[in-house]
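Participant: Just so you know, the sequence shown maps onto residues 1 to 131 in the numbering used here.
Below are the C-alpha cells for one structure; questions will follow.
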Amino acid sequence: MNENLIQKIEYPGESEIYGYKDFNAELMSIVKNSGNQKEIARDMFRFFGFMEEMPKHELILNKHFEKLKDTKHDLYCIRFLKQLNLRIIFIFMEDGGRKVLIHALKKKKKSDYKIAIKKSEGIVDRLQGGE
Numbered sequence: 001m002n003e004n005l006i007q008k009i010e011y012p013g014e015s016e017i018y019g020y021k022d023f024n025a026e027l028m029s030i031v032k033n034s035g036n037q038k039e040i041a042r043d044m045f046r047f048f049g050f051m052e053e054m055p056k057h058e059l060i061l062n063k064h065f066e067k068l069k070d071t072k073h074d075l076y077c078i079r080f081l082k083q084l085n086l087r088i089i090f091i092f093m094e095d096g097g098r099k100v101l102i103h104a105l106k107k108k109k110k111s112d113y114k115i116a117i118k119k120s121e122g123i124v125d126r127l128q129g130g131e
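Dropping the structure here:
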C-alpha cells in the first residue's frame with residue numbers, strides 16, 4: 001500500500017477509514033453547492049459508523065451499500081439514496097481492516113458509474129504500487 005496516497009478521514013472516535021489523496025476535494029466539489037451539506041454529512045458519519053461496526057458480509061446487506069460487480073478489484077459503494085444520487089466507491093484493505101474511500105461521484109446516468117469504476121480501478125492499482 002502506497003501510504004503517501006492516502007490520508008485518515010477525520011471522524012469522531014477511532015476509525016480505520018482513509019481517503020485517497022484527492023477524495024476530500026472531489027467530494028466537496030459535488031456537495032458544496034447542493035444545499036444539503038448538513039444532511040449529507042450526517043448520513044456520511046452514520047454510514048462510516050456502519051463501516052466500522054459491521055462485518056463486510058453484513059454491511060453489503062444494507063440498502064446503502066453494495067459490492068460492485070464485474071470489477072478488476074473488489075470495489076464497494078456507499079449509496080446516498082436521497083441526496084444528489086451521490087455515490088462513494090471504496091475498498092477494504094487486507095492490511096488491518098482499513099477502508100479506503102476511492103472516488104465520489106454524482107450519478108446522473110449509467111455511464112457515470114462505468115467511468116467512475118474505471119477511474120477507481122486505476123486508483124487501486126496506484127495504491128497497490130502498480131501502474
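The beta carbon of each residue, even a glycine, is placed where N, CA and C say it ideally should be.
1) Kindly give me the distance between the Cβ atoms of Lys21 and Gln37, rounded to whole angstroms, as I take these residues to be in contact under 8 Å.
2) With 16 as the cutoff for other CB atoms within 10 Å, does Arg126 come out buried or exposed?
3) From the DSSP output, in three-state form, read off Lys63 for me.
4) Can you tell me the Cα-Cα spacing of Ile40 and Cys77, whole angstroms?
5) What do you get for Phe45, buried or exposed, if any count of 16 or more other CB atoms within 10 angstroms of its CB means buried?
6) State the Cα-Cα distance for the pair Val100 and Ser111, rounded to the nearest angstrom.
7) Can you tell me where the alpha helix (DSSP H) with Leu5 in it begins and where it stops?
8) Leaving out five residues before and five after Ile117 in sequence, what residues of the same chain have Cβ atoms less than 8 Å from its Cβ?
9) What three-state label does DSSP hand Lys32 in the structure shown?
10) Taking only runs that begin and end inside the stretch 85-116, name each unbroken beta strand (DSSP E) of 3 or more residues, in chain order.
Facilitator: By the coordinates alone:
1) With a contact defined as Cβ atoms closer than 8 Å, Lys21 and Gln37 miss out at about 22 Å.
2) An exposed status is given to Arg126, since fewer than 16 other beta-carbon atoms sit within 10 Å of its beta-carbon.
3) It is coil, neither helix nor strand.
4) A straight-line Cα-Cα distance of about 15 Å links Ile40 and Cys77.
5) Residue environment for Phe45: exposed (fewer than 16 other C-beta atoms within 10 angstroms of its C-beta).
6) Near 23 Å, if we compare the C-alpha coordinates of Ser111 and Val100.
7) Taken as a continuous stretch (DSSP letters only), Leu5 belongs to no alpha helix (DSSP H), as it is neither H nor E.
8) So the list reads Leu68, Thr71, Leu75 and Ile89, once near-sequence residues are dropped.
9) The three-state reading of DSSP puts Lys32 in coil, since its state is none of H, G, I, E or B.
10) Counting only runs of 3+ residues, the beta strand (DSSP E) found wholly inside the stretch 85-116 occupies 86-92 and 99-106, in chain order.
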